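Under the working numbering, think of the first position of the sequence shown as 47, with each following residue one higher. Comments concern the structure below.
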Amino acid sequence: MIKNDEPLNYRHKVVATATTSKNKLRLGLYQESSKNIIPFLDCYIQDKELNEVLKTTEKVLNKYKMSAYDINKETGIIKHIMMRKSLANGQMLLVFVTNGYLLPNAKKMIQEIYAAHPKIMTFVQNVHLKKTHLVLLDEEKILFGTGYIEDEIDSIRFRLSSKSFYQVNPKQMMKLYQKAIELAQITKDDIVMDTYSGIGTISLIAAKSA
Numbered sequence: 047m048i049k050n051d052e053p054l055n056y057r058h059k060v061v062a063t064a065t066t067s068k069n070k071l072r073l074g075l076y077q078e079s080s081k082n083i084i085p086f087l088d089c090y091i092q093d094k095e096l097n098e099v100l101k102t103t104e105k106v107l108n109k110y111k112m113s114a115y116d117i118n119k120e121t122g123i124i125k126h127i128m129m130r131k132s133l134a135n136g137q138m139l140l141v142f143v144t145n146g147y148l149l150p151n152a153k154k155m156i157q158e159i160y161a162a163h164p165k166i167m168t169f170v171q172n173v174h175l176k177k178t179h180l181v182l183l184d185e186e187k188i189l190f191g192t193g194y195i196e197d198e199i200d201s202i203r204f205r206l207s208s209k210s211f212y213q214v215n216p217k218q219m220m221k222l223y224q225k226a227i228e229l230a231q232i233t234k235d236d237i238v239m240d241t242y243s244g245i246g247t248i249s250l251i252a253a254k255s256a
């Protein structure tokens, strides 16, 4: 076990679920072992800047009268808001997960959120037509930017999209990878096979030793 020296504000990925409370759209988290969504915008383990983006996003969604998805009635537009942040350069990605293709006033909402948080490099709409608790489905539309941000680990640059498999605690990730490579005792004569690679972080770092 490797100690996490920064137990607060370490998560560089955020998933907030939309619900309706007092006739307003609220963003929050699922209550443990429950389908109840608790409105909550200041999670102590999430990156502070991502928390602030979440607050801005909720305000903007309400300004433009966006409705929260109701899984029982299968009505409403916004299912989730998902975000990523790069540790290396502070770039952020924001995803609107929507119940269908409709996202009224998308351009205006993006302009207002971006004006408050200009490090958001790309906005994406994930079209989510199924009645499921899965956050992201396959179909996406890039609304602004390239659809990805870049992060860097051990001088290797990676592109992160909404669905990239990537550790949520980047500082702890590097500690774990370094320990794994140390224990593997990789030499120049070895061939390293990463059979569950995600975006290839472990294998590309290990390749420096193999």
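Ideal Cβ positions, reconstructed from N, Cα and C, are used throughout, including at glycine. These numbers were taken from a predicted model, which means no experiment stands behind them.
- According to DSSP, residue pairing for T65 in a beta bridge involves R72.
- Runs of the beta strand (DSSP E) lying entirely within the region 87-168, each at least 3 residues long, are 124-131 and 138-144 in chain order.
- In this structure, DSSP gives L206 an extended state, which the three-state scheme calls strand.
- With a beta-carbon spacing of about 18 Å, I199 and M167 fall beyond the 8 Å limit used to define contacts.
- Distances from the alpha-carbon of D240 to those of Q231, K234, A253 and L229 put A253 closest.
- Per DSSP, L222 is one residue of the alpha helix (DSSP H) stretching across P216 to A230.
- Contact between the region 189-198 and the region 135-152 is established, with three or more Cβ pairs separated by less than 8 Å.
- Under the Cβ criterion (8 Å, minimum of three pairs), the region 72-90 does not count as touching the region 244-252.
- Pairing R130 with H174 gives a Cβ-Cβ distance that is not under 8 Å.
- One alpha carbon belongs to K68, the other to I232, and they sit about 58 Å apart.
- According to DSSP, N172 shares a beta bridge with V143 and E186.
- Judged by their CB atoms, M128 and V61 are nearer to each other than the 8 Å cut-off.
- Cβ-Cβ separation between I159 and T102: approximately 6 Å, consistent with a contact (criterion under 8 Å).
- Per DSSP, reduced to three states, the secondary structure at I248 is helical.
- By the CB criterion at 8 Å, L73 and L87 fall inside the cutoff.
- Counting the other CB atoms within 10 Å of its CB gives E104 a total of 16 or more, which places it among the buried residues.
- Per DSSP, reduced to three states, the secondary structure at P53 is coil, with no helix or strand assignment.
- Per the C-alpha coordinates, the member of N118, E228 and K70 positioned closest to I248 is E228.
- Counting every other CB atom within 10 Å of its CB across the protein chains shown gives A226 a total below 16, marking it as exposed.
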